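Report on the structure given below.
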Amino acid sequence: MSHVKDTGNLHMFGRVLRVVAIVSIGLVAEAVVAAPLEAYARLPLYENVAISPDGSRAAFVTTIGNEREIIVQSLSSNTGIVRLKAGPQMLRDLSWAGDEQLLVTVSQPLEFLGGSQAENFGLQNFDLRRKAVFDPMSWAEESWNALSREPIARSVNGKPFVFVQSIARPRIGERFFIPALYRVNLKDQATLLVDAAPVSDPKKSYGWTVDTQGDVILQSVYDEETKRWILSAKRNGKWQDIYSEGALVETPSIVGLAPEDNTILVKKLVNGDWTLLRLSLLDGKFGEAIPEKCCGSRYLTDPKSNRVIGTLWLDAMHHYEFFNKRLQESWNQVVQSFPGEELTLESWSNDFKKVVVKVFGKQTGAAYVLIDLDAKQMSRVGNFYAGIEAADIATVRPINYKAADGLQINAYVTLPSGREAKNLPLVVMPHGGPVTRETFKFDWFAQALASKGYLVLQPNFRGSWGFGRKFEEAGYGEWGRKMQTDLSDGVRTLVKLGIVDAARVCIVGASYGGYAALAGATMEPDVYRCAVSVAGLSDMKEVIDEYVRPQISKENRSLRFYYRFLGVDNIKHPVVAERSPVKHADKVKAPILLIHGDNDAVVPFEQSQIMANALKKAGKPYEFVKLKSEDHWLSKAETRLQMLQAVVKFLETHNPP
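The sequence shown finishes on residue 656 if you use numbering that gives the first Met the number 0, and the numbering steps up by one all the way, no holes.
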C-alpha cells in the first residue's frame, strides 16, 4: 500500500513457532524506551482494514490530524483510489458488498423524550464506481436508518445486495416504528421491505437469517411477555415455528449456516453451559453437540455465504481452527511466521489467498500486516498508532492467581520498561462490561500508564466472559462484592510476591471498570491510594430506574441482567443502594478523579455528576473533568488526549512512579 512506508517482506514463511507459556513475572530490566504520551492518546492511524472480495483493494480508516477518513487503495498498483472524510458521524466499521461497494457503519447519539440517550447506528454505502456516498435507507419512504444488527452482504444474480435489519413505519406518517428487514440493491439503488414485525406487537425483538443465495430463510423472535425465544422457518411463503425455549436473559444464537445443506449451527445453553449444535431446517431437530476446544469459543463465517468455516478460541492468546484443511495449513504458515506474537485475523479475500492480520508482539510491535499466501510475501500495512514502534511497547504477560475463596483468576500485567519487578507502583485496571474479558493485546491505555513507570494489572474477575459458564455464574450476586475483591486479591498476590508496593496502589477503570474504581475507593478504602473513574456507574438505582427501564419497557432483559449480578429481584431491594458507590461517599479516604463525556449514550453523564455531588457533600477530595461533546468510547482525539493527560497528572500527583 503506497499510503504506508515499508512494503517489503516482513518475514519469510517457515520459521519455527515457539510455544508461549503462562509465566511468572520475573523480569530483567530493559532499556527505558517509550513514546510520548500524546502518541498513546491519538486515534488509531490504521483501523478496520478490510480486503475486497476479489482481493484487489483494501479499505481502512485512518486519522489525519483530528479528522477520520476512509482510504481505498489498489493492492496491485499500490496507488490510492479514493479517500472520504467521515464528517460529524463516528466511523464504527467497514465491510464490502461486492468489489465496488463499501459498507460504512456510522453512529451518533440519539436523545429520547425525557432526556435519556442511546447510540444510533446507521449504514452508508460508498459506491466506488460513482465515487459517491449514499444512504441506502433513504430509498424506502417508510424506513429510518437505524441498524439493529450487522448488515448482511450477498451477491444475487451478479448484483451486490445488502440486507439491513432496521425499523420501519407500518404506515407512512405513523409515529411509531416496528422491527423490519430490507433488501437493498446497491447497483440499481432500490430498497425493498422484505419482512417486518406485526403492527399489533412492535415491542418484540426480531432477527433474520439470509442464506447464500440471498433468500430469507429464518426469523428469530424474542417475546418479552412470554420470555421465550422462537425460531421460525419459511414454509410455502409463510413463517412456521420450528423451535422455541424460555430465556430470561440469554437466548440461543444462530452462528451461521453449517457446512451441510439445510442445516444451521446454533449456540444455546445445554445443562448449564454454552453448547454448539446442528439444527436441521427440514424437521427442526437438533443433532449432537459439536465439541469445542475451549470455553467461550467464537466462530468464523464466510461473509459471502454465511457458512461457518472455523472457530476462534482463547486461552492466554487467540487460536484459530478451520474446518477446511487447506485454510488451516495456510493459517498455520502465518502463525509460524510470527513466533510468540499474538495474531488476530482481521479480513480476507473470498479465496483466502490474501489476508490481513493484526500482530502484537515485541518483534513486530502493534501493526496490521497484509499477507499474500500465493506469493508467500508479507507487507506491513502500518502501525496501529503513529509514533509507537516495537521498541516503545511495554511487555505484557499473562498470569494466574487465586481469589480468597480459591477461584482461579486469569489476568494480564503490563510491565514498565527499565524497572526491576520489585516494589513497583501499581494501577489496577478492571475491564468494562462486566461480561467481557481482557485478552493478550495492545491496550493503548495500559501501555500509556506503563510508559510512565506503572505496573498495570488487568484481571478477568469472576463474571467475565470466556472462562466457562460456571465462572460467569460465580459473578451472579457478586456485583460490588467478590467481583470487587477479585481485584484486591490480585493486589495482595503481587504485594506478597514483592513485585508491588502495597502503599502505592491506585485503581483506574472505564464504564463498569469505572464503577469498580469507585467501589474500590468506597468499599475497600484501605487498598487504594487513589481512584479514577472514566464514564463509570455510581448509583445503581438511578441507572436502572432512569436509564435501563425507559429504553425498552418496565420489564426487560437488560433489567434482569442487572438484577442477576446484583442478586436482587426488584429495584427497591436494599442491596441496590448498598452496592452503589454514591451511597458510601463518606467512607472515601483516597482522592478520586471523575471523567465523563457529556454525550455519553451508554452510561449517562449524570452518573459522574451524582458522584461528584456526593463527594462534595461529604467533604472528600475529588476532581471532575467534563469531556465536551464526547461519547462513551472516547471517539475524538482531542478529548482522548484530555482524558489521558488528566489521568497521568492525577496519578503522578497522588501516586508518584
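Glycine included, C-beta positions come from ideal geometry on N, C-alpha and C. It should be emphasised that the depicted structure is a prediction, and the values quoted were computed from it without experimental measurement.
Could you tell me the alpha carbon to alpha carbon distance between residue i and residue j, rounded to whole angstroms?
i: Tyr562; j: Val542; result: 12 angstroms
i: Leu517; j: Pro258; result: 48 angstroms
i: Thr435; j: Leu614; result: 30 angstroms
i: Pro590; j: Leu425; result: 16 angstroms
i: Ser73; j: Ser55; result: 6 angstroms
i: Leu280; j: Thr262; result: 6 angstroms
i: Ile216; j: Arg153; result: 14 angstroms
i: Ala199; j: Ala167; result: Strictly speaking, residue 199 in this sequence is Ser, with Ala absent from that position. C-alpha separation (whole angstroms): 14 angstroms.
i: Val238; j: Asp222; result: According to the sequence as given, residue 238 is Trp; it is not Val. So the two alpha carbons sit approximately 16 angstroms from each other.
i: Val646; j: Thr225; result: 47 angstroms
i: Leu146; j: Lys616; result: 43 angstroms
i: Lys150; j: Ile594; result: Here the sequence assigns Pro to residue 150, which means Lys is not the residue at that position. Taking the straight line joining both Cα atoms gives about 34 angstroms.
i: Val427; j: Asp538; result: 22 angstroms
i: Phe176; j: Ser204; result: 12 angstroms
i: Thr652; j: Tyr475; result: 37 angstroms
i: Ser106; j: Ala403; result: 42 angstroms
i: Thr394; j: Tyr384; result: 17 angstroms
i: Asn654; j: Asn382; result: 31 angstroms
i: Asp488; j: Asn184; result: 56 angstroms
i: Ser378; j: Glu328; result: 20 angstroms
i: Lys401; j: Pro458; result: 11 angstroms
By the DSSP assignment, the alpha helix (DSSP H) with residue i in it spans what residues?
i: Asn612; result: Glu605 to Ala617
i: Pro178; result: Element bounds for Pro178: not the alpha helix (DSSP H) but the beta strand (DSSP E), Ile177 to Asn184.
i: Ala576; result: Pro573 to Glu577
i: Tyr561; result: Arg556 to Leu565
i: Thr208; result: Segment Ser204 to Val209 is the beta strand (DSSP E) holding Thr208; no alpha helix (DSSP H) there.
i: Ser262; result: The residue asked about is misnamed: residue 262 is Thr in this sequence, not Ser. No alpha helix (DSSP H) contains Thr262, which is instead part of the beta strand (DSSP E) from Thr262 to Val269.
For residue i, which beta-bridge partners are listed by DSSP?
i: Phe120; result: Ser106
i: Ile594; result: Val533 and Val624
i: Met89; result: Ser106
i: Arg41; result: According to DSSP, Arg41 bridges with nothing at all.
i: Val412; result: Arg396 and Leu456
i: Phe160; result: Arg153 and Asn184
i: Phe59; result: Ile70
i: Trp273; result: Leu268
Can you tell me whether DSSP reads residue i as helix, strand or coil?
i: Met482; result: helix
i: Lys625; result: strand
i: Tyr242; result: strand
i: Ala131; result: strand
i: His583; result: helix
i: Val602; result: coil
i: Pro52; result: coil
i: Val513; result: What sits at residue 513 in the sequence shown is Gly, not Val. Three-state DSSP puts Gly513 in a helix.
i: Glu29; result: In this prediction, Glu29 has a pLDDT of 42, which is less than 50 and means its spatial position is unreliable; what the coordinates show is noted afterwards. The answer is coil: DSSP assigns Glu29 none of H, G, I, E or B.
i: Ala473; result: coil
i: Ile498; result: coil
i: Leu328; result: Before going on, a small fix: residue 328 reads as Glu here, not Leu. Residue state, collapsed to three classes: helix.
i: Ile387; result: coil
i: Asp371; result: strand
i: Ser219; result: strand
i: Asp214; result: coil
i: Val334; result: helix
i: Gly364; result: strand
Does the CB of residue i have a neighbour CB from chain B at under 8 angstroms?
i: Gln327; result: Within the model displayed, chain B is absent; a lone protein chain is all it includes.
The beta strand (DSSP E) spanning residue i covers which residue range?
i: Met377; result: Gln376 to Asn382
i: Ser137; result: Per DSSP, Ser137 belongs to no beta strand (DSSP E) and is neither H nor E.
i: Ala232; result: Arg227 to Arg234
i: His653; result: No beta strand (DSSP E) holds His653; the alpha helix (DSSP H) holding it covers Ala636 to His653.
i: Trp347; result: Glu341 to Trp347
i: Ser450; result: Per DSSP, Ser450 belongs to no beta strand (DSSP E); it is in the alpha helix (DSSP H), Trp443 to Ser450.
Exercise. Do the segment 185 to 192 and the segment 133 to 140 touch if we need at least three Cβ pairs shorter than 8 angstroms?
Worked result: yes
Exercise. Quick check: the segment 355 to 363 against the segment 331 to 346, are there 3 or more CB pairs under 8 angstroms?
Worked result: yes
For this session: Indicate whether the contact test is met: 3 or more Cβ pairs, each with one atom in the segment 442 to 453 and one in the segment 522 to 531, closer than 8 angstroms.
Result: no
Exercise. On the three-pair Cβ rule with 8 angstroms, is the segment 153 to 164 touching the segment 94 to 106?
Worked result: yes
Problem set entry | the segment 636 to 653 touching the segment 401 to 419, judged by at least three CB pairs closer than 8 angstroms | no
Problem set entry | the segment 40 to 48 contacting the segment 628 to 642, beta-carbon criterion three pairs below 8 angstroms | yes
Exercise. Counting pairs of Cβ atoms below 8 angstroms between the segment 435 to 445 and the segment 461 to 469, do you hit three or more?
Worked result: yes
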